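>
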Amino acid sequence: MLENLSGRLGGVVKTLRGNARLTEANIQDTLREVRMALLEADVALPVVKQFVADIKVRALGQEVIGSLTPGQALIGVVYEELTKLMGAQNDALNLAAVPPAVVLMAGLQGAGKTTTSGKLAKRLKEEQRKKVLLVSTDVYRPAAIEQLKTLAEQLEIEWFPSDVSQKPVDIAQAALDYAKRHFHEVLIVDTAGRLAIDEAMMAEIKALHAAVKPVETLFVVDAMQGQDAVNTAQAFNETLPLTGVVLTKMDGDARGGAALSVRHITGKPIKFLGVGEKLTGLEPFHPDRMASRILGMGDVLSLIEDVQKTVDEAEALKMMKKVKSGKGFDLEDFKAQIQQMKKMGGMSALLDKLPGMGQLGDIANSQASDKAVARIEGIINSMTPAERRKPELLKASRKRRIAAGAGVSVQEVNRLLNQFEQTQKMMKQFSKGGMAKLMRGMKGMLPGM
Amino acid sequence: MFSFFKQKLGKQETPETPPQPAEESQAVEVSATPAPLESPEPAPAPVEPSAPLQVAQPQDKPRLSWAERLKAGLAKTRNALGKNLAGLFGGGQIDEDLYEELETVLLTADMGVDATGHLLKNVRDRVSLKGLKDSQELKGALKESLNELIGPLEVPLSLGEHKPFVLMVAGVNGAGKTTSIGKLAKYFQSQGKSVLLAAGDTFRAAAREQLVVWGERNGVQVIAQDSGDAAAVAFDAVNAARARGVDVVIVDTAGRLPTQLHLMEEIKKVKRVVQKADPTGPHEVMLVLDANTGQNAVNQVKAFDDALGLTGLVLTKLDGTAKGGVIAAIAKQRAVPVRFVGVGEGIDDLRPFVAADYVDALFD
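Here it is in structure tokens:
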């Protein structure tokens, strides 16, 4: 999808270059791509529709900043809105209650409630020094109670024994009594997974809620969940006064559109992300990261930000002139390019600054590894300013010195010089307008990077 | 979807049974049902006499109960989906608005942008080819298109000549692997096969216990080890099955996300080691998919297929409001046969996949 979206945007960009304002006409294609991207990310359709409509209203008439195209500018707006929608950064748990503060976990089967309960207990114990009690009221799934018990033992956290012959409400109440008597600060109540349409089970969790009066009722959602997330979230939200959402299985490659659906429907903050099955894998939520994950376009976004912040337009122009004249491109410039590249998180972003080279980005990005780039920088840093300006000065003994200084072999210094020469040649070709030759040159150069 | 079935079943046969996924309630249900107690076949019982009651249930009237359940289950799907559809196919002209509604319906069923585009184009072609005018006819066209797309996924599991037949189960965390294995064991038993389970989920807390409990309920032997090596458990299980003359070995594995590369390597190893115990095996590598999953299900199928060479899918949790439409996307991008659908937490709530039933359930 990332390739898709960036690719599609590339196409849109070409036709729209030069527009100064976002208008209905010039954002339409991009809006359609955004809609597709959101749907592919499993954001629920009603949410997508409303979101796209809102974006349109907000975007119309906006000025297109700097060298951005209308399409890119719109994506910027989309990203901002999405981040805003995702809510405040890192909403922590509110445990300000007369102890024990009760946390109730709710969600579908297989969402990850029990694992999340364990992770949460560990977090509270280690980061806030809370005395935590865990209890499972899942009397339905075989060995669910056993699972929580095992987790609790691994974590060295106290758990309240329960049995499948008991009623969930009775278990919870007994655990609450126990927690009170033994001065536990937090009681985490794990529940059985249930379908939102299962009235008996929904009534049960409502009764559970009434019995233990939790300060936090967390809705646990699988990041991989599809369109049905809206229905589920709505049903749970209507049954229980939810206070927050935990998004689990974030270490997968799902884009996590469910986060937006759930957030939109319930209006409740996403408090944690579950990452991995290890018990440390519970992270605070970052709306901005989630937004770019859902859009599946981290690179495009950072490029937009770069244009807005990092890159000094004037300097970019100077570089462009140098490149175009084909003269005076020395190792100092080479290094400056590398540094800019690093600042912007990848070669593709840099290439995008050069008109018409955005399409090369994928190749460049996949082949230029950060390590190699750091090495090149190290070698250049080991040269004197004079050497950088006049690479032809470099003979055997200087090369040995540089290699020693950078902690590499002489061969690597030679390789860098070769690459530099090729780049120089490429720049000359570029100045003569040979785009096809340039592409060939690029491919030759990149693998070595 | 299956809960639809359940509802209807509940109304017609056991009105007093709450639609609880509980094991307990399941048992209650069984005894409350005017079941022809263990009447025709304690067939699966030879292994364990504890099973007859539960076994009897699915065999009571398998056809009826299954169809009823399916309908009931899908009724829920319909409620969500069908609200749109009622208006949609209510008659009148076929126009762009109608197509847009149709798109909405398909997208909300998790079919994904790609498959939805494909289906819409297909429906448009049919409409212009046959000169369809009425929106009611459009429904027929859509059903045909959908059947054409997912029909090829309907390939029933056949045990063939292998003995033991080695079935390996994989899936992401929480997809319902272990629960499905319990149901699979039941399914094979009801066909008169003996079953052995291998508790290969050596990672998640109490996963082994969960399988053991399932085994007890089914009267099925479970091979479990204290070691953390899933491959070793699988190896032992296959050898034990051969020694004991068991028909089917089902190998459970720990849930894993395809992005956890080391775990994907581990499951490849399980398969390799199974091959050491039985060079012809595993005879079936099944991926368990949660019907709630969105477009990531396609990634899952691709990743597990690349790693293991999948031969079948199980679509679980169709008893909720999720429609599992992602199988349309799967049919389009990586067609792996759907062997079974899971329609509830009851032990007999696993049924062979029938594409036409599924499509009907979506639209009728």
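Chains as they are written, first to last, in UniProt numbering: chain A, 1 to 449; chain B, 1 to 364.
Just so you know, even glycine gets a beta-carbon here, dropped at the ideal spot from N, CA and C.
Since this is a predicted model, take the numbers as computed values, not measurements.
Does the CB of B/ALA322 have a neighbour CB from chain A at under 8 Å?
The residue given as residue 322 of chain B occupies position 322 in the second sequence. Answer yes: the Cβ-Cβ gap between B/ALA322 and chain A drops below 8 Å somewhere.
> Measure how close the beta-carbons of B/VAL172 and B/LEU257 come, nearest whole angstrom, since I'm counting them as under 8 Å.
As a working mapping, residue 172 of chain B is identified with position 172 in the second sequence. As a working mapping, residue 257 of chain B is identified with position 257 in the second sequence. Correct: roughly 5 Å between the Cβ atoms.
> Considering just the uninterrupted stretch of the beta strand (DSSP E) at A/MET290, what are its terminal residues?
In the first sequence, the residue the question calls residue 290 of chain A occupies position 290. No beta strand (DSSP E) holds A/MET290; the alpha helix (DSSP H) holding it covers 287-295.
> Chain A partners of B/LEU107, CB-CB under 8 Å?
Locating residue 107 of chain B in the second sequence gives position 107, counting from the first residue. By Cβ distance, chain A contributes LEU39, LEU45, GLN227.
> Going along chain A in order, which residues have a C-beta closer than 8 Å to the C-beta of B/GLN260?
On the second sequence, residue 260 of chain B is found 260 positions in, with the first residue counted as 1. The answer, in chain order, is ASP251, GLY276.
> At a CB-CB cut-off below 9 Å, which residues of chain A make contact with B/ASP319?
Sequence index remark: in the second sequence, residue 319 of chain B carries index 319 (1-based). Correct list: LEU195, ILE197, ASP198.
> Report yes if the CB atom of A/ILE197 is closer than 8 Å to the CB atom of A/VAL230, and no otherwise.
Looking up residue 197 of chain A in the first sequence gives position 197. Looking up residue 230 of chain A in the first sequence gives position 230. Not closer than 8 Å, so no.
> State the Cα-Cα distance for the pair B/THR108 and B/THR311, rounded to the nearest angstrom.
The residue you call residue 108 of chain B lines up with position 108 of the second sequence. The residue you call residue 311 of chain B lines up with position 311 of the second sequence. Distance between the alpha carbons of B/THR108 and B/THR311: 28 Å.
> For my contact list, A/GLY252 and B/ASN296 are in at a C-beta cut-off of 8 Å; report their separation, rounded to the angstrom.
By one-based count along the first sequence, residue 252 of chain A stands at place 252. By one-based count along the second sequence, residue 296 of chain B stands at place 296. The Cβ separation is near 7 Å, so the contact holds.
> Where DSSP assigns a beta bridge to A/PRO142, which residues make up the other side?
As a first step, residue 142 of chain A must be located in the first sequence, where it is residue number 142. Paired residue(s): none; A/PRO142 is not in a bridge.
> Reducing DSSP to helix, strand and coil, say where B/PRO152 ends up.
Within the second sequence, residue 152 of chain B is the residue found at index 152, counting from 1. It is helical.
> Mind checking B/LEU362: buried by the 16 CB within 10 Å criterion, or exposed?
What you label residue 362 of chain B is simply residue 362 of the second sequence in a count that begins at 1. When all chains shown are included, B/LEU362 counts as buried.
> Which residue spans inside the stretch 155-181 of chain A form an unbroken beta strand (DSSP E) run of at least 3?
Counting only runs of 3 or more, we get 158-160.
> Between which two residues does the beta strand (DSSP E) carrying A/THR248 extend?
Locating residue 248 of chain A in the first sequence gives position 248, where the first residue counts as 1. Residues 244-248.
> Which residue marks the beginning of the alpha helix (DSSP H) containing A/ARG388, and which one marks its end?
Along the first sequence, read from residue 1 onward, the residue named residue 388 of chain A stands at position 388. Segment 385-389, the alpha helix (DSSP H) holding A/ARG388.
> Show which residues of chain B have a CB atom less than 7 Å away from the CB atom of A/PRO385.
Against the first sequence, residue 385 of chain A aligns to sequence position 385. Chain B residues near A/PRO385: none, gap ~45 Å exceeds 7 Å.
> On the CB-based measure, 16 or more other CB atoms within 10 Å of its CB, does A/GLN28 come out buried or exposed?
Against the first sequence, residue 28 of chain A aligns to sequence position 28. It counts as exposed.
> Can you have a look at A/GLY110 and say buried or exposed, based on whether 16 or more other CB atoms are within 10 angstroms of its CB?
Translated into the one-based positions of the first sequence, residue 110 of chain A becomes position 110. Looking at its Cβ environment, which holds 16 or more other Cβ atoms inside 10 Å, A/GLY110 is buried.
> Determine the closest residue to residue 457 of chain A out of A/LEU242, A/THR115, A/LEU282, A/VAL102, with distance taken between C-alpha atoms.
What is shown of chain A runs 1 to 449, which leaves residue 457 of chain A out entirely.
> Output the distance between the C-alpha atoms of B/GLN300 and A/LYS180, rounded to the nearest integer angstrom.
By one-based count along the second sequence, residue 300 of chain B stands at place 300. By one-based count along the first sequence, residue 180 of chain A stands at place 180. The alpha-carbon atoms of B/GLN300 and A/LYS180 are separated by roughly 45 Å.
> Whose Cβ in chain B lies nearer than 7 Å to the Cβ of A/LEU393?
In the first sequence, residue 393 of chain A corresponds to position 393, counting from 1. Correct list: empty, because the minimum Cβ distance to chain B is about 47 Å.
> In chain B, which residues lie with their C-beta within 9 Å of the C-beta of A/MET202?
The residue labelled residue 202 of chain A in the question sits at position 202 within the first sequence. Simply none; closest approach about 11 Å.
> Give a yes or no on whether 8 Å exceeds the smallest Cβ distance from B/ALA206 to chain A.
Residue 206 of chain B sits at position 206 when you count from the first residue of the second sequence. So, interface residue.
> Counting contacts by CB-CB distance shorter than 8 Å, is A/GLU33 in contact with chain B?
Walking along the first sequence from the start, residue 33 of chain A turns up at place 33. No, A/GLU33 lies away from the interface with chain B (no Cβ there is under 8 Å from its Cβ).
> What distance in whole Å lies between the Cβ atoms of B/LEU184 and B/LEU146, which are believed to be in contact at a cut-off of 8 Å?
Here residue 146 of chain B is taken as the residue at index 146 of the second sequence, counted from 1. Here residue 184 of chain B is taken as the residue at index 184 of the second sequence, counted from 1. At roughly 27 Å, the Cβ-Cβ gap does not stay under 8 Å, so B/LEU146 and B/LEU184 are not in contact.
> Excluding the 5 residues flanking A/VAL52 on each side, which residues of the same chain have their C-beta closer than 8 Å to its C-beta?
By one-based count along the first sequence, residue 52 of chain A stands at place 52. Here the set comprises LEU31, VAL34, ARG35, LEU38.
> In chain B, which residues lie less than 8 Å from A/GLU146 when you measure between Cβ atoms?
If you number the first sequence from 1, residue 146 of chain A lands on position 146. Within 8 Å Cβ-Cβ: ALA205, ALA206, GLU209, GLN210.
> What residues from the stretch 266-297 of chain B come within 7 Å of chain A, judged by C-beta to C-beta, listed N to C?
Taking 7 Å as the Cβ-Cβ cut-off against chain A, the residues of the stretch 266-297 of chain B that qualify are ASP290, ASN292, THR293, GLY294, GLN295, ASN296.
> Just confirm the distance between the C-beta atoms of A/THR243 and A/THR217, as a whole number of angstroms; I'd bet it's less than 8 Å.
Translated into the one-based positions of the first sequence, residue 243 of chain A becomes position 243. Translated into the one-based positions of the first sequence, residue 217 of chain A becomes position 217. That pair is a contact at about 5 Å.
> Classify A/ARG401 as helix, strand or coil using the three-state DSSP reduction.
For the purposes of this step, residue 401 of chain A is taken as residue 401 along the first sequence, with counting starting at 1. A/ARG401: helix per DSSP, three-state reduction.
> Would you kindly report the start and end of the unbroken beta strand (DSSP E) that includes A/SER136?
In the first sequence, residue 136 of chain A corresponds to position 136, counting from 1. Per DSSP, A/SER136 belongs to the beta strand (DSSP E) from 132-136.
> With DSSP collapsed to three states, give me the class of A/PHE183.
Against the first sequence, residue 183 of chain A aligns to sequence position 183. If DSSP states are grouped into helix, strand and coil, A/PHE183 belongs with coil.
> Report the residue from A/SER409, A/THR232, A/ILE55 whose alpha carbon sits nearest the alpha carbon of A/ALA44.
Numbered from its first residue, the first sequence carries residue 44 of chain A at position 44. Ranking A/SER409, A/THR232, A/ILE55 by Cα distance to A/ALA44 puts A/THR232 first.
> Can you pull out the residues from the stretch 149-166 of chain A whose beta carbon lies closer than 8 Å to at least one beta carbon of chain B?
So the close ones are LYS149, THR150, LEU151, GLN154, VAL164.
> Could you have a look at B/VAL274 and say whether DSSP puts it in helix, strand or coil?
Locating residue 274 of chain B in the second sequence gives position 274, where the first residue counts as 1. Correct three-state label for B/VAL274: helix.
> Nearest CA to the CA of B/GLY245: which residue from B/ASP114, B/TYR99, B/LEU196, B/VAL338?
Position 245 of the second sequence holds residue 245 of chain B. The option with the nearest alpha carbon to B/GLY245 is B/LEU196.
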